[in-house]
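Residue numbers (the numbering used here), protein chains in the order written: chain A, 1 to 93; chain B, 94 to 346; chain C, 347 to 676.
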């Protein structure tokens, strides 16, 4: 087993965008994880900000729960603006 | 010595130290203690050799003999190299590699900080780009000094040995000679006194935090690299680095 | 191909009817080009095969640093040195992207690397050949990375999500590698002296056949291919990819003004492809078995680096632990 831990890496590629998961690195601590992530995932100026998170601190939804978790929102069309029909005179809303 | 000659020497010192240390880092390719460190070391080397190229280009223009940066890197013999003795020392174990890096980075950082404000625009411009890279180098090497100095019993021992072994080459970093003084006076180079006190302070702070024994300030120091008097190591380093341009002098690569 | 002869554990494909409901759903997803993600159900053999394939691929990137590292201290100009360093750094990076993808399958990187060091894991046979002159660096970029790209481009669509995404990143970065190599050779051939031209031809003569072997054995001798292709972790057969590589490479070879060490290599008007001579498969198997010119050196070098680095990694971990405790006490 490794004496270093696994960290998941998230990179913000441009100002105004969300951080996006890009992969993982091995590191002894968070500071080193940041350094290693910088060397590995931003060699071609791909980022303006990096997050690192110990992999074992991430709780993921199980794909087996996909239906229970995500299907119910499929039929809630009233959450989308296009559901509401307004007369043309109202203009842009 | 004219100011022009001093400037030429000053540039070669900056360039040659970057180049020689970059070459030492190239030697570590495939031998780093962790895969993540392979990338980090190669990045360091890339930054340093890139900086060397910028300094060489300026030096070659000033020289005005029609030589280019490659000529300065690959066609001069050891006696013409002006790098610090510290950077030509062999890689040794990782404690040695990192202690060498830290002592150099601390000096490099302080020097470039000053050169950003050089009255020579070209120097200020090159330094302005380099300082960003070197700020990161220093941050990394400080972390490694602390990790190895205050890691395990073994790493502490190895770091103590490395620091003791390399200390005798650090005097040259902060000891001003005629070239340094002329350049400082002209507002072109870094103020040696300022670099010296900042370097000492940083080294003391980091070594203390890394639980390492502070070395004797008055210890015997080896100097000569800046004047072209090197340790035996440099000749072999250059023999390898310069092999192709030397063996095929008229070749274009 | 960076991952040769990947054992899948099955010589015959199951039909959908023979599969249980979970495996059937899994296979149907793959057939519909839906990516498999880390926590999805997957057959144990798929998981194991992927770990084997991705780790081989990663090992190849890491071992592949060595033949180039052999010349990085002797690159002939500042420009060439910087290019080569950047390329080698990418290779380390690609190895890490791949190990990272592999770890999403529950494998441990250190354990897989240990298998490389004890000779249990394979890596691309090409890296067991030496780089003997500077032109080899050009040929490695042009032919070896060229062959790797032909193999890797389809893997961007491989069925396992993290692997596919790693390949997208690798392919994007690798595009400069082949051009870098070819440009080295073009410069030597067009602006170089006789000695340099001889270096280029010599390098091609030595590396041509091993480059063709990178795609793995002939389709007739690839018993694992059918399963790998059904799982879409392999998207074309070895011979298809090899032919594609030859077809695109020969015109580049001619542009250089060099020749291949294959007297039977010629364009076939009927098929629209280049015919080529027989590959010495015995040599391929010999190298895979560990008897290539550099197998021992390559493995010994990698093993020494990681073994010698143990105290460094332990020190960093010990320091991190001390910091954590100090932090908690404060």
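The C-beta atom is built at its ideal place from N, Cα and C for all residues, glycine as well.
For residue 40 of chain A, at least one C-beta of chain B is nearer than 8 Å to its own C-beta. Residue 506 of chain C has its alpha-carbon roughly 8 Å from the corresponding atom of residue 578 of chain C. Assignment of residue 27 of chain A by DSSP, reduced to helix, strand and coil, places it in the strand class.
Ranking B:110, B:307 and B:102 by CA distance to the CA of residue 258 of chain B puts B:307 first.
Close CB contacts of residue 130 of chain B within its chain, under the 6 Å cut and outside five residues either way in sequence, are absent.
For residue 125 of chain B, same chain residues with a beta-carbon under 6 Å away, outside a window of 5 residues either side, are 131 and 134 in chain order.
The alpha-carbon separation between residue 576 of chain C and residue 143 of chain B amounts to approximately 48 Å. With contacts defined as CB atoms closer than 8 Å, residue 624 of chain C and residue 614 of chain C fail to qualify as a contacting pair. Residue pairing by DSSP puts residue 6 of chain A in a beta bridge opposite A:26.
Here DSSP, grouped into helix, strand and coil, assigns residue 367 of chain C to helix. Below the 8 Å Cβ cutoff, chain B contributes no neighbours of residue 56 of chain A, its closest Cβ being approximately 19 Å away. Rounded to the nearest whole angstrom, the CA to CA distance from residue 103 of chain B to residue 605 of chain C is 49 Å. For residue 397 of chain C, the uninterrupted alpha helix (DSSP H) run begins and ends at 390 to 409, by DSSP. In summary, the residues of the region 228 to 239 of chain B whose CB is separated from some CB of chain A by less than 7 Å are 233 and 236, in the order they occur in the chain. Taken in chain order, the members of the region 10 to 34 of chain A whose beta-carbon sits within less than 8 Å of a beta-carbon on chain B are 25, 26, 27, 28, 31 and 32. When 8 Å is used as the limit between beta carbons, residue 4 of chain A is near these residues of chain C: 659, 662 and 663, in chain order.
Among the bridge pairs identified by DSSP, residue 596 of chain C is matched with none. Here the region 395 to 413 of chain C makes contact with the region 471 to 481 of chain C; the two share three or more CB pairs at distances below 8 Å.
Between the beta-carbon of residue 562 of chain C and that of residue 584 of chain C there is about 4 Å, and that keeps the pair under the 8 Å contact cut. Contact of residue 124 of chain B with chain C is assigned, a C-beta pair being separated by under 8 Å.
Rounded to the nearest whole angstrom, the C-alpha separation of residue 50 of chain A and residue 453 of chain C is 25 Å. Counting C-beta pairs closer than 8 Å gives three or more between the region 192 to 200 of chain B and the region 230 to 238 of chain B, which meets the contact rule. Distance from the CA of residue 284 of chain B to the CA of residue 31 of chain A, rounded to the nearest whole angstrom, comes to 33 Å. Near chain C, meaning a CB-to-CB distance below 8 Å, the residues of the region 142 to 173 of chain B are 142, 143, 145, 146, 149, 162, 163, 166 and 167. The alpha carbon of residue 113 of chain B has as its nearest neighbour, out of B:345, B:318, B:343 and B:240, the alpha carbon of B:318.
The count of Cβ pairs closer than 8 Å, one atom from the region 4 to 24 of chain A and one from the region 629 to 645 of chain C, stays below three, leaving the stretches out of contact. Comparing alpha-carbon positions, the option among C:372, C:514 and C:498 lying closest to residue 388 of chain C turns out to be C:372. Secondary structure note for residue 495 of chain C: its alpha helix (DSSP H) is the uninterrupted segment 491 to 501. As computed with DSSP, residue 12 of chain A is found in a beta bridge with A:19 and A:49. With contacts defined by Cβ atoms closer than 8 Å, residue 77 of chain A and residue 41 of chain A do not form a contacting pair. Note on geometry: alpha-carbon atoms of residue 80 of chain A and residue 595 of chain C lie some 53 Å from one another.
In the three-state reduction of the DSSP assignment, residue 561 of chain C falls in the coil class. Counted as a single uninterrupted DSSP element, the stretch harbouring residue 78 of chain A is not any beta strand (DSSP E), since DSSP gives it neither H nor E.
Residue 100 of chain B is positioned such that its CB atom lies closer than 8 Å to that of residue 276 of chain B.
For residue 614 of chain C, the pairing in a beta bridge is given by DSSP as C:619. Residue pairing for residue 54 of chain A: DSSP places it in a beta bridge opposite A:7.
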